[in-house]
Amino acid sequence: MARQNTLFKEAYNRYVARLKLDTELPSEPEIAAELGVSRSTARAILMRLSDAGIILWNKRQKTVLRLPTQADFFPKEETDSLHNIIERSFMTRIMSDEAQPGMQINELELAREIGTGTSVVREFLIRFSRFGLIEKRPNSHWILKGFTSEFALELADVREMFELHSAAEFGRLPATHRAWEDLKAIEQEHHALLKDIDAHYRDFSRLDEKFHLLIHRASKNRFITEFYDVIAIIFHYHYQWNKAFARERNARAVAEHLDYIEALQSRDQQRIDAACRRHLASARQTLLQSIPQGAGEIAGSAA
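So the sequence shown is numbered by the numbering used here: it starts at 11 and just counts up by one.
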């Protein structure tokens with residue numbers, strides 16, 4: 011049910027954003043084909059548009075009466091993919107102050123909380139378990155083994171190997187590659203965030219994930235891409251674990267990203283390597299300092 015609801019909301023937002031005033035909308039099958047959804051979902055979208063007074067729906071005729079406002083869209087957090095919903099719920103559990111090594115994670119309980127089937131939850135947990143943070147037990151139970159400083163250091167080592175390679179490959183991309191446009195757009199997002207850092211510093215974790223994922227895709231290495239998906243979860247959430255000095259920490263990371271982006275744009279391999287190493291060393295230190303007190307032993311430094 012959660013999956014269908016999320017699918018509807020995501021498709022609805024996409025379609026609403028395309029509407030033009032005083033235009034006639036196509037048939038339900040055509041809308042379904044355009045959005046890649048079922049006819050029933052397309053019909054539900056039209057019904058919501060009609061109820062909101064955005065369109066006039068008279069039998070086969072569907073006319074756009076007004077342009078949508080921000081209030082007509084579903085909030086972004088309600089249009090996440092099912093994977094992101096499971097990820098967020100899982101990480102909230104294991105990184106809470108109450109989480110301790112040995113804590114049980116029940117597939118059925120987690121699935122009920124999210125509103126989805128146990129099979130997709132199990133698939134996520136199996137994929138995540140390869141890193142040794144959780145361990146399977148009988149009767150659909152998993153055990154949290156603990157997020158310790160040792161685990162964080164091993165994770166940081168792997169991430170650094172991946173990213174140094176990926177950053178070098180990014181610098182070798184041809185000037186016409188789409189990644190350079192994406193990097194420029196991400197650079198502008200960083201400047202916008204830095205300009206209003208006091209109000210929006212909490213938005214950095216999303217931008218951090220977006221930036222590093224762009225770099226790793228340049229590797230064109232299926233193993234790096236697959237493993238980084240899981241590694242990114244930890245580094246994405248670590249900015250949210252420890253709220254102390256979050257504004258200063260995130261502002262510093264934004265500045266490091268901008269230096270890193272400038273190095274990538276220079277295509278100078280030495281500059282890229284140096285900027286990458288500086289930022290990853292800082293991220294390693296931040297990760298260690300951000301491990302919750304209840305999650306395991308915390309290292310005093312990133313030695």
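Backbone N, C-alpha and C define an ideal beta-carbon position, used for all residues, glycine too.
Just so it is clear, the structure is predicted and the values come from calculations on it, not from any experiment.
Locate the alpha helix (DSSP H) running through residue i, then write down its first and last residues.
i: residue 268; result: 256-276
i: residue 227; result: 214-227
i: residue 47; result: Note, residue 47: premise wrong, no alpha helix (DSSP H); not H, not E.
i: residue 135; result: 128-139
i: residue 194; result: 188-205
i: residue 169; result: 159-181
Whose C-beta lies closer than 8 Å to the C-beta of residue i among residues of the same chain, with five residues either side of it excluded?
i: residue 214; result: 203, 249, 260, 263 and 264
i: residue 311; result: For residue 311, the predicted structure reports a pLDDT of 33, less than 50, and the residue's modelled location is therefore unreliable. A value from the coordinates is still provided. These residues qualify, in order along the chain: 295 and 298.
i: residue 286; result: 173, 174, 177, 270 and 273
i: residue 134; result: 93, 96, 97 and 100
i: residue 234; result: 172, 175, 176 and 226
In whole angstroms, what separates the C-alpha of residue i from that of residue j?
i: residue 49; j: residue 223; result: 34 Å
i: residue 64; j: residue 123; result: 34 Å
i: residue 70; j: residue 23; result: 22 Å
i: residue 190; j: residue 275; result: 8 Å
i: residue 29; j: residue 79; result: 11 Å
i: residue 236; j: residue 138; result: 11 Å
i: residue 153; j: residue 103; result: 12 Å
i: residue 20; j: residue 280; result: 42 Å
i: residue 44; j: residue 54; result: 15 Å
i: residue 293; j: residue 82; result: 38 Å
i: residue 25; j: residue 88; result: 16 Å
i: residue 284; j: residue 52; result: 51 Å
i: residue 27; j: residue 219; result: 25 Å
i: residue 291; j: residue 140; result: 25 Å
i: residue 210; j: residue 149; result: 43 Å
i: residue 112; j: residue 142; result: 13 Å
i: residue 132; j: residue 193; result: 35 Å
i: residue 42; j: residue 58; result: 15 Å
i: residue 198; j: residue 206; result: 13 Å
i: residue 165; j: residue 238; result: 10 Å
i: residue 185; j: residue 110; result: 49 Å
i: residue 18; j: residue 33; result: 23 Å
i: residue 255; j: residue 167; result: 25 Å
The beta strand (DSSP E) with residue i in it runs from where to where?
i: residue 151; result: 151-154
i: residue 73; result: 71-74
Would you identify the three-state DSSP class for residue i, choosing helix, strand or coil?
i: residue 241; result: helix
i: residue 147; result: strand
i: residue 231; result: coil
i: residue 29; result: coil
i: residue 114; result: strand
i: residue 348; result: Because the chain here runs from 11 to 313, residue 348 falls outside it and cannot be looked at.
i: residue 65; result: strand
i: residue 11; result: Only weak support is given to the placement of residue 11: the predicted model assigns it a pLDDT of 40, under 50, and the value that follows is read from those uncertain coordinates. In the structure shown, residue 11 sits in coil (DSSP, three-state: anything other than H, G, I, E or B).
My understanding is that residue i touches residue j, with C-beta atoms under 8 Å, so please give their C-beta distance in whole angstroms.
i: residue 72; j: residue 35; result: 4 Å
i: residue 196; j: residue 221; result: 5 Å
i: residue 208; j: residue 257; result: 7 Å
i: residue 56; j: residue 40; result: Rounded, the Cβ-Cβ distance is 12 Å, inconsistent with contact.
So, at 6 Å on beta carbons, what are the nonlocal neighbours of residue i in its own chain, with the 5 sequence-adjacent residues on each side left out?
i: residue 128; result: 117, 118 and 121
i: residue 200; result: 264, 267 and 268
i: residue 169; result: 241
i: residue 289; result: 266 and 270
i: residue 187; result: none
i: residue 77; result: 31
Kindly list the residues whose CB is nearer than 7 Å to the CB of residue i, restricted to its own chain and excluding five residues on each side of it in sequence; keep chain order.
i: residue 144; result: 115, 135, 138, 152, 153, 154 and 155
i: residue 228; result: 176, 179, 180, 183 and 189
i: residue 60; result: 67
i: residue 282; result: 177, 178, 181, 273 and 274
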